[in-house]
Structures are given as structure tokens and as C-alpha cells.
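Okay, so here's the structure we're looking at.
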Amino acid sequence: MTIEATTLPDSKVACVNCEACCCRLEVMLISDTGVPDKFIEIDKWGGEKMARLEDGWCSALDRNTMLCMIYDKRPWICREFEMGGYECISERAANLLTETAVSPRV
672 MTIEATTLPD SKVACVNCEA CCCRLEVMLI SDTGVPDKFI EIDKWGGEKM ARLEDGWCSA
732 LDRNTMLCMI YDKRPWICRE FEMGGYECIS ERAANLLTET AVSPRV
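Each residue of the sequence shown is one higher than the one before, starting from 672 at the first, in the numbering used here.
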């Protein structure tokens with residue numbers, strides 16, 4: 672007998688208590704979801720990707736609220752990035768390590 676197991680999202684993880692770690696990742700546009708042109712850049716190979724600010728953040732991220740300004744038209748990969756999933760937890764952990772390494776100890 673085979674029992675399928677599903678990894679449930681971590682209940683402690685929520686976008687409202689995150690610092691938008693996933694919004695620092697490079698996002699290739701592989702399908703048309705209606706992302707406005709002002710948020711799109713062309714990479715050196717001619718592919719479309721989400722534009723990023725000089726500090727590496729996605730240009731569609733509202734820095735005051737830390738919410739996506741184009742949520743209803745966000746790219747496919749952003750739709751598939753599961754809150755509390757493996758990639759989410761990995762990015763949060765990596766971000767925490769980066770912030771800890773950069774922050775001076777008091």
C-alpha cells in the first residue's frame with residue numbers, strides 16, 4: 672500500500688511577516704500574464720525578465736508596504752512560488768543569514 676504525503680506549508684510563515692525575500696530573486700517572464708512594460712527588462716540574450724532596482728529588489732515591489740504592486744498580473748513563477756514551500760523557506764533562511772552577516776553585533 673502506498674500513501675502519498677504532502678508537505679504542508681509552515682503555519683508560521685506568511686507573506687505578511689516576511690520581508691519579501693522572494694522579491695530579490697531574478698524572475699524570467701516565460702508566459703504572458705500582462706506584466707506592465709515599465710516592469711520588464713530585456714536580458715543580454717533577448718529574454719524578458721522582471722526589472723530590478725539598483726539594490727536588487729523587484730521593481731514591482733512597493734517598498735512602503737512590501738507588497739506586489741502588480742499582484743493580479745504577476746509573472747507565472749511568482750504565482751507558483753508557494754508560501755511556506757521549500758523555496759520560500761530556503762530564501763528566508765538565506766536572507767536571514769545575509770542580514771546577520773551584514774548587521775553589526777551590538
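Backbone N, C-alpha and C define an ideal beta-carbon position, used for all residues, glycine too.
Please classify residue i as buried or exposed, where buried requires at least 16 other C-beta atoms within 10 Å of its C-beta.
{"i": "residue 675", "result": "exposed"}
{"i": "residue 732", "result": "buried"}
{"i": "residue 746", "result": "buried"}
{"i": "residue 741", "result": "buried"}
{"i": "residue 721", "result": "buried"}
Could you name the residues that DSSP lists as bridge partners for residue i?
{"i": "residue 711", "result": "721"}
{"i": "residue 738", "result": "733"}
Measuring CB to CB, does residue i end up less than 7 angstroms from residue j?
{"i": "residue 692", "j": "residue 750", "result": "no"}
{"i": "residue 778", "j": "residue 730", "result": "This structure gives no information on residue 778, because the portion of the chain shown stretches from 672 to 777."}
{"i": "residue 695", "j": "residue 718", "result": "no"}
Going straight from the alpha carbon of residue i to that of residue j, what length do you get?
{"i": "residue 706", "j": "residue 699", "result": "12 angstroms"}
{"i": "residue 759", "j": "residue 716", "result": "28 angstroms"}
{"i": "residue 753", "j": "residue 689", "result": "13 angstroms"}
{"i": "residue 702", "j": "residue 709", "result": "17 angstroms"}
{"i": "residue 734", "j": "residue 748", "result": "21 angstroms"}
{"i": "residue 684", "j": "residue 743", "result": "22 angstroms"}
May I ask you to check if the CB of residue i is nearer than 6 angstroms to at least one heavy atom of the ligand PLP?
{"i": "residue 728", "result": "Summarising the ligand content, the structure contains no ligands, and the ligand PLP is consequently not present."}
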